[in-house]
Amino acid sequence: MKALLCTEFGPAEKLIFQEINALEPKENEILIKVAACSANFPDTLIIENKYQFKPALPFSPGGEVAGIILKIGENVKNLAVGQRVFALCGWGGFAEEVCVGTDRVFPLPDYMDFVTGASLMYNFGTSYHALKNRAHLQKGETLLVLGAAGGVGLAAVELGKLMGANVIAAASTDEKLSICKEKGADFLVNYEKEDLREKIKEYSRGKGIDVVYDPVGDKYAEPTLRSMAWNGRYLVVGFAGGEIPKLPFNLALLKGCSVLGVFWGQFSKLQPKENFENILELANWFKEGKLKPHIFKKYSLADSAQALVDLRERKVVGKAVVICDEKLTNVPITKIIEPQKTKRIFQNIEEIKAAVGEIIGESPWLKLSQDIIDGFAKATFDEQWIHVNPEKAALSPFGSTIAHGLLTLSLSPKFMFDIYEVKNSKMGINYGSDKVRFLQPIKVNSKVKMVAKLLEATEAPNNGLKMKIEGTYFVENNPRPVCVAELLSVIY
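Take a look at the structure:
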């Protein structure tokens with residue numbers, strides 16, 4: 098396979114594009130065929146050994162990818178070969194393939210293409226965490242975005258408007274500011290031509306800035322801190338300007354403001370639940386057409402070093418994306434949505450035994466309507482209001498009726514029928530389950546599917562074969578399983 102390699106620390110011009118050995122995923126990793134990888138400012142730092150994460154040489158830059166799973170490690174249970182995903186790999190993405198730990202991998206929604214998948218999470222994830230979790234940005238507040246035409250800056254402009262703020266975009270050229278205007282900025286400041294403090298005073302009507310989003314640092318930090326409103330929040334996102342400013346912290350005392358660090362990578366590791374909620378909100382906004390990454394340019398994998406040069410030289414507005422597999426990225430999204438599932442056919446018992454340890458398939462989606470839930474409630478005499486009374490359930494913490502946990506489990510025979518078939522078998526019997534865990538409630542009208550992994554296949558009396566299948570159940574647009582169960586059956 099081919100990759101862009103950093104064999105010695107230094108500028109992007111020293112990177113080498115060459116063949117490297119094939120990769121194999123570790124037990125908790127997956128191997129991704131990379132369709133697209135975005136270029137981010139940390140990539141320019143990591144190759145010069147100036148970033149907080151320091152991989153051993155040689156390595157490939159590129160920390161944000163989208164593609165298709167080629168292989169899975171032996172302990173991986175919730176992802177399947179062939180599945181479309183996007184992932185935060187830290188480094189290694191400027192390559193045809195990359196291994197990533199499963200805690201950094203997310204299913205790519207059916208409505209999202211690979212280029213978007215490789216462009217959304219880092220910039221919008223960082224900016225949304227900053228504005229939502231750190232600054233608690235409120236509707237009507239004034240938000241100043243420094244470096245507003247960069248990847249995270251432009252995302253902050255777009256998100257700030259979505260959250261109802263009055264957005265001041267500050268950048269170094271009028272051309273860059275025109276893109277900020279397209280993304281919704283209310284006011285524009287060219288801080289290479291105009292006095293930043295005077296413009297802040299004018300646009301905030303003398304009140305000052307409620308929230309500053311600063312990925313630049315350097316000479317703009319102190320005048321901005323001096324322009325804070327009372328109870329303002331100054332977000333330290335990065336230092337793209339090159340210098341870490343030495344701020345007079347008496348200003349924080351006099352202004353009654355907070356200086357808040359933003360480290361999205363650590364947030365995503367230490368607070369995965371909150372991070373996942375953010376990702377879902379961002380994906381839904383994209384689906385609704387409220388967010389769209391601005392793609393500056395697409396680069397071939399062979400020319401990917403140029404993407405880092407353009408980032409370093411401040412030429413990139415929005416996102417630079419490296420196309421690692423042109424065929425994958427050229428597949429129309431209409432061809433990707435709702436792919437046809439192929440049932441796995443086993444010709445005989447020996448083929449089943451040979452498949453132990455494999456994910457043997459996944460079922461089509463099944464929508465759990467209120468009629469299905471009502472029917473199960475009547476059949477089992479479990480007619481609690483949380484299942485059958487939509488009006489009362491709307492006032493519950495779930496906001497709607499939910500499916501019975503046992504209803505999910507009862508769908509297993511249908512799902513297994515959709516997933517595989519054994520030729521020349523006379524009959525099959527489902528006779529129980531082990532280690533059933535209901536991990537999340539399923540709201541009415543959710544779409545559910547099952548991924549099946551064959552755990553055991555042992556001979557039984559009367560020419561039978563006992564099978565133990567791990568069924569992992571998912572709802573649409575949620576990478577976390579709602580149920581995991583070991584399903585027991587015997588075929589003759």
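Numbering (my numbering), first residue to last: 98 to 589.
Glycine is no exception: its CB is placed at the ideal position from the N, C-alpha and C atoms.
*Would you kindly work out how many angstroms separate the C-alpha atoms of residue 145 and residue 243, rounded to a whole number?*
24 Å
_I'd like to confirm the pairing. Which residues does DSSP put opposite residue 510 in its beta bridges?_
In DSSP, residue 510 forms no bridge with anything.
*Start and end residues, beta strand (DSSP E) containing residue 117*: That residue, residue 117, is in no beta strand (DSSP E); it is neither H nor E in DSSP.
*What does DSSP give as the partner residues of residue 184 in its beta bridges?*
162 and 202
*So which of 467, 417 and 111 has the shortest CA-CA distance to residue 215?*
417
*What alpha helix (DSSP H) runs, 4 residues minimum, are completely inside the stretch 100–160?*
138–143
*What residues in its chain sit with their C-beta under 7 Å from that of residue 285, if we drop five residues either side in the sequence?*
Once the five neighbours on either side are set aside, the close Cβ partners of residue 285 are 266, 274, 277 and 278.
*Three or more C-beta pairs below 8 Å linking the stretch 520–527 and the stretch 537–555*: No: fewer than three Cβ pairs fall under 8 Å.
*Do residue 163 and residue 138 have their CB atoms nearer than 7 Å?*
no
_Which complete beta strand (DSSP E) runs does the stretch 241–298 hold, if anything under 3 residues is left out?_
DSSP runs (the beta strand (DSSP E)) wholly in the stretch 241–298: 263–268 and 284–287.
*Tell me which same chain residues have a C-beta within less than 6 Å of the C-beta of residue 437, skipping the five on either side of it?*
A caution first: residue 437 carries a pLDDT of 39, below 50, which makes its placement in the model too unreliable to give a value.
*Is it right to say residue 434 is buried, meaning 16 or more other beta carbons lie within 10 angstroms of its own, or is it exposed?*
Unreliable positioning characterises residue 434 in this predicted model, as indicated by a pLDDT of 37, which lies under 50. The coordinate reading is nonetheless provided below. Classification for residue 434: exposed.
*Could you round the C-beta distance between residue 499 and residue 540 to whole angstroms and report it? I think they count as a contact, below 8 Å.*
Indeed they touch by this definition, with Cβ atoms about 6 Å apart.
*Report the rounded CA-to-CA distance for residue 251 versus residue 581, giving the unit in angstroms.*
40 Å
*What's the gap between the Cα of residue 301 and the Cα of residue 374?*
32 Å
_Tell me the residue span of the beta strand (DSSP E) that contains residue 547._
544–557
*Spell out a yes or no on whether the stretch 365–381 and the stretch 218–226 are touching, meaning 3 or more CB-CB pairs, one atom from each, closer than 8 Å.*
yes
*In this structure, does DSSP put residue 190 in helix, strand or coil?*
coil
*If you count every other CB in all the chains shown that lies within 10 Å of the CB of residue 296, and 16 or more means buried, which is it?*
buried
_If you reduce the DSSP assignment to three classes, tell me which class residue 218 lands in._
helix
*Taking only runs of the beta strand (DSSP E) that begin and end inside the stretch 295–371, which ones reach a length of at least 3 residues, in chain order?*
You should have 306–311, 325–333 and 355–358.
*When the Cα atoms are used, what is the spatial distance from residue 424 to residue 204?*
20 Å
*With 16 other CB atoms within 10 Å as the buried threshold, where does residue 431 fall?*
Residue placement at residue 431 is poorly supported in this model, since its pLDDT is 44, which falls under 50; the coordinates still yield a value, given next. Looking at its Cβ environment, which holds fewer than 16 other Cβ atoms inside 10 Å, residue 431 is exposed.
*Whole-angstrom C-beta distance between residue 268 and residue 246, which should lie under 8 Å*: 4 Å
*What is the DSSP secondary structure of residue 531, reduced to helix, strand or coil?*
strand
*Cβ pair residue 318, residue 342 closer than 7 Å*: yes
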